[in-house]
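Right, one structure below, let's go through it.
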Amino acid sequence: VVGGQPGNSPWTVSLRNRQGQHFCGGSLVKEQWVLTAQQCFPSCHVPLLGYEVWLGTMFQSPKPTEPGLQRVPIAKMVCGPPDSQFLLLKLERPVTLNQRVALICLPPERYVVPPGTKCEIAGWGETKGTGNNSVLNVASLNVISNQDCNVKYRGRVQEREMCTKDLLAPVGACEGDYGGPLACFTHDCWVLEGMIIPARVCARPRWPAVFMRVSVFVDWIHKAIRL
Amino acid sequence: QRSPLNDFQVLRGTELQHLLHTAGPGPWQEDVADAEECARRCGLLLDCRAFHYNVSSHGCQLLPWTQDSPQTWLQRSGRCDLFQKKGYVRTCIMDNGVEYRGTVAITMGGLTCQHWSHRVPNDHKYTPTLHNGLEENFCRNPDGDPRGPWCYTTHPAVRFQSCGIKSCREAACIWCNGEDYRGSVDRTESGRECQRWDLQHPHPHPFEPGKFLDKDLDDNYCRNPDSSERPWCYTTDPQVEREFCDLPSCGPEAQPHQEATTLNCFRGKGESYRGTANTTAAGVPCQRWDSQNPHKHRFAPEKYPCKDLRENFCRNPDGSEAPWCFTTRPGMRVAFCYQIRRCTDNVRPEDCYYGTGEQYRGSVSKTRKGVSCQRWSAETPHKSQFTPTSAPHAHLEENFCRNPDGDSHGPWCYTTDPRTPFDYCALRRCDDDQPPSILEPPDQVLFEKCGKRDPRLDQRVSKLR
Chain A
3 VVGGQPGNSP WTVSLRNRQG QHFCGGSLVK EQWVLTAQQC FPSCHVPLLG YEVWLGTMFQ
63 SPKPTEPGLQ RVPIAKMVCG PPDSQFLLLK LERPVTLNQR VALICLPPER YVVPPGTKCE
123 IAGWGETKGT GNNSVLNVAS LNVISNQDCN VKYRGRVQER EMCTKDLLAP VGACEGDYGG
183 PLACFTHDCW VLEGMIIPAR VCARPRWPAV FMRVSVFVDW IHKAIRL
Chain B
2 QRSPLNDFQV LRGTELQHLL HTAGPGPWQE DVADAEECAR RCGLLLDCRA FHYNVSSHGC
62 QLLPWTQDSP QTWLQRSGRC DLFQKKGYVR TCIMDNGVEY RGTVAITMGG LTCQHWSHRV
122 PNDHKYTPTL HNGLEENFCR NPDGDPRGPW CYTTHPAVRF QSCGIKSCRE AACIWCNGED
182 YRGSVDRTES GRECQRWDLQ HPHPHPFEPG KFLDKDLDDN YCRNPDSSER PWCYTTDPQV
242 EREFCDLPSC GPEAQPHQEA TTLNCFRGKG ESYRGTANTT AAGVPCQRWD SQNPHKHRFA
302 PEKYPCKDLR ENFCRNPDGS EAPWCFTTRP GMRVAFCYQI RRCTDNVRPE DCYYGTGEQY
362 RGSVSKTRKG VSCQRWSAET PHKSQFTPTS APHAHLEENF CRNPDGDSHG PWCYTTDPRT
422 PFDYCALRRC DDDQPPSILE PPDQVLFEKC GKRDPRLDQR VSKLR
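Chains A and B, in that order, are what the protein sequence lines are.
With the first letter of the first sequence counted as 1, position 37 gets the number 39 in my numbering; the numbers rise by one all the way through.
With the first letter of the second sequence counted as 1, position 56 gets the number 57 in my numbering; the numbers rise by one all the way through.
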């Protein structure tokens with residue numbers, strides 16, 4: 003995350019490859035389910051041996067003995083609907099919810115976040131020198147309407163996507179954050195409204211950031227978990 | 002600090018059965034500490050050729066036979082690993098092959114070997130013993146002949162002849178950087194013996210065979226799990242952690258079974274990507290591969306001729322998750338090029354639907370990945386929640402794509418792939434169909450207990466700020 007601050011985001015998870023390297027983010031939507039981006043994995047049918055989800059820590063390289071750290075192997079993948087870029091990961095076992103690990107709410111189907119809503123992104127990805135690479139960074143962003151966003155993007159932003167306000171300073175998600183959450187504070191709760199997806203440039207000043215809109219696909223999330 | 006297991010080749014989860022000894026040749030020895038102890042005991046006994054190691058009770062059973070012995074066969078086992086002495090199961094030889102105990106019994110010239118216990122047609126001075134291993138009429142090297150194992154022949158005019166068994170070094174060559182090498186060389190180029198991959202001594206290491214199944218980190222054979230320039234191994238010399246192995250190249254650099262390269266998208270991990278994207282997803286220009294500045298690295302183009310490390314293009318020479326590059330920013334050593342689109346592996350849509358496809362009545366019966374749909378009336382491989390009887394309105398005929406639950410993402414089906422309960426179909430929205438907009442004003446939202454974080458933690462961190 004560029005332009006963020008060390009922070010706390012108990013639903014943000016770190017995806018690890020078999021060398022233990024962080025390569026993407028994700029959001030804990032159920033005790034045994036994480037939502038992330040398809041872009042993070044070679045395909046929806048790769049051998050998952052060695053891939054893990056790490057939670058309950060703020061550190062990019064936590065010590066094995068760090069209290070609260072939970073490392074859970076990934077057992078299964080479910081590919082999201084066409085054009086969703088979503089990927090659901092089923093963990094080998096449910097995580098333990100506690101002070102450091104919490105679920106994030108899912109929005110109702112087709113819910114549209116009102117412009118101006120306060121949101122935040124979180125991740126262990128690239129800070130481009132603006133922060134501390136070794137801890138979880140969180141940045142605040144505010145939602146704008148697709149209509150306003152499309153002024154800059156000349157109509158290219160789809161309804162299944164959503165935007166946050168462009169800022170003068172470079173603030174936003176970057177490489178290594180993909181799949182992570184855009185969490186918005188709505189009705190006294192944090193809700194997973196967006197998912198970080200790769201863009202051509204990170205944290206581009208004076209340009210709105212684009213995210214996948216979770217509410218368009220929340221029915222699939224429920225169905226995939228149920229089936 | 003070689004391990005006694007270095008003399009053995011393991012078959013995980015396998016038992017060696019013998020027709021005449023269903024319970025095995027002798028009792029289980031439960032008083033051993035680990036497989037190495039079993040190997041030590043078996044190694045001392047000339048008539049011990051293999052052993053079972055029980056991974057749960059940690060007991061072992063010494064065996065006088067191997068999988069090549071008559072009336073034996075291999076069987077899957079949930080509790081045992083089978084260790085067999087390399088001399089008996091390796092099909093190639095190390096050095097001059099005096100340790101060879103295989104079952105080849107034909108000479109280079111195609112002549113059948115004479116039994117060592119026979120004196121005709123060729124008389125000789127050798128007497129088979131457990132020590133010299135002169136068994137049956139198998140090729141052996143009792144006199145250390147530099148040309149390797151040989152035998153007396155059954156042809157009166159040819160007294161003896163070499164058997165032409167290949168050295169392990171010659172038996173398998175390497176393509177490119179040898180990531181696919183699966184040969185049986187277990188020594189480094191300096192002659193040091195390799196450490197077993199499943200041991201952490203004398204050198205602890207991260208390459209656990211169970212975690213790198215695709216790298217086949219068998220026993221202590223040379224391998225290349227990290228895309229080094231050549232196959233290598235950790236050594237049994239505590240002073241030398243790892244060394245390359247001296248293996249012959251298969252020839253010109255193109256790999257015979259190379260995957261089709263892609264230019265403007267990448268497939269899988271992007272190892273065959275040959276496009277010209279040369280910035281990271283963060284927009285930082287990539288460093289040239291043939292430069293060591295600002296980041297020193299080992300991926301010199303001339304050492305990786307098959308990886309096409311031209312200029313500063315994003316590439317994946319080491320099996321990472323996606324194409325990547327060293328960046329021109331000193332503080333950012335490497336970065337993925339996730340901005341390169343992934344090639345879609347979807348099949349071409351075969352039909353179209355309107356709205357959510359609830360009224361679709363076509364006969365497409367394939368998922369977007371090309372997997373055949375399961376019949377709605379079937380119970381395997383997936384138990385159907387929607388059946389022709391439970392959802393008569395949905396016309397769930399045969400295995401045609403349908404939308405019995407009004408899924409907003411279109412017709413779907415249960416799949417015949419056991420790993421994929423359901424998936425969307427090889428269908429697209431009809432061109433003249435406009436989905437309703439979702440950008441209406443938000444409605445009242447009620448949430449349960451999720452979405453909360455511990456305010457105490459938050460406060461502490463903000464103090465941190």
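Every residue, glycine too, gets a C-beta built ideally from N, C-alpha and C.
Check	Outcome
C-alpha distance - B/N7 paired with B/D309, whole-angstrom precision	37 Å
Span of the alpha helix (DSSP H) around B/Y361	That residue, B/Y361, is in no alpha helix (DSSP H); it is neither H nor E in DSSP.
Assigned exposure category for A/Y53 - 16 Cβ within 10 Å defines buried	buried
Within 7 Å, strictly: CB atoms of B/H383 and A/P83	no
Three-state secondary structure (DSSP) of A/A141	strand
Pair within 7 Å by beta-carbon distance, A/P210 and A/C176	no
Own chain, CB closer than 7 Å to B/R343, minus 5 neighbours either side, in chain order	C266, F267
Start and end residues, beta strand (DSSP E) containing B/A336	335-337
Residue nearest to B/Y222 in terms of C-alpha spacing, selected from B/L200, B/R188, B/D247, B/S228	B/R188
Alpha carbon of B/D352 to alpha carbon of B/Y425, nearest angstrom	13 Å
Coarse secondary structure for B/D543, derived from DSSP in three states	Only positions 2 to 466 of chain B appear in this structure, which leaves residue 543 of chain B out of reach.
Residues from the segment 330-354 of chain B in contact with chain A, defined by Cβ distance under 7 Å	G332, M333, A336, F337, Y339, Q340, R343, D346
Cα-Cα separation, A/G22 to A/T38	18 Å
Cβ neighbour criterion (16 or more within 10 Å) applied to B/K126	exposed
Residue-chain proximity (B/S409, chain A), Cβ-Cβ < 7 Å	yes
Below-7 Å beta-carbon distance, B/G269 vs any chain A residue	yes
Cβ pair B/V365, B/C414 closer than 7 Å	no
Residue from B/D32, B/D48, B/A173, B/G407 whose Cα sits closest to the Cα of B/S58	B/D32
Residue environment, B/M333, which counts as buried when at least 16 other CB atoms sit within 10 Å	buried
Contact set between B/T281 and chain A, taken where Cβ atoms lie within less than 7 Å	E177
Interface residues of chain A facing B/Y54 [CB-CB closer than 7 Å]	The contacting residues do not exist; B/Y54 stays about 23 Å from chain A at best.
Member of A/L143, A/E33, A/G127 whose CA lies at the smallest distance from the CA of A/S136	A/G127
Interface flag, B/F423 vs chain A, CB-CB below 7 Å	yes
A/C165 - DSSP class collapsed to helix/strand/coil	strand
Classification of B/A158 by the beta-carbon crowding that lies within 10 angstroms, buried from 16 upward	exposed
Exposure label - B/E242; buried when at least 16 CB within 10 Å	exposed
Residues within the segment 301-326 of chain B neighbouring chain A, beta-carbon criterion of under 7 Å	E322
For B/Q288, the three-state DSSP class (helix, strand or coil)	coil
Neighbour-count burial assignment, A/G58, 16 or more Cβ in a 10 Å radius	buried
Residues within the segment 140-171 of chain A neighbouring chain C, beta-carbon criterion of under 7 Å	Checking the listed chains, one finds no chain C in this structure; the protein chains it contains are A and B.
Cβ neighbour criterion (16 or more within 10 Å) applied to B/R299	exposed
Residue interval of the beta strand (DSSP E) (run including A/K32)	24-32
Sub-7 Å separation of B/G134 and B/S78 beta-carbons	no
Buried versus exposed, by CB contacts within 10 Å (16 or more), B/S463	Bear in mind that the predicted position of B/S463 carries a pLDDT of just 44, short of 50, making it too unreliable to give a figure here.
Where B/Q62 falls, given that 16 or more other Cβ within 10 Å makes a residue buried	buried
Below-7 Å beta-carbon distance, B/R454 vs any chain A residue	yes
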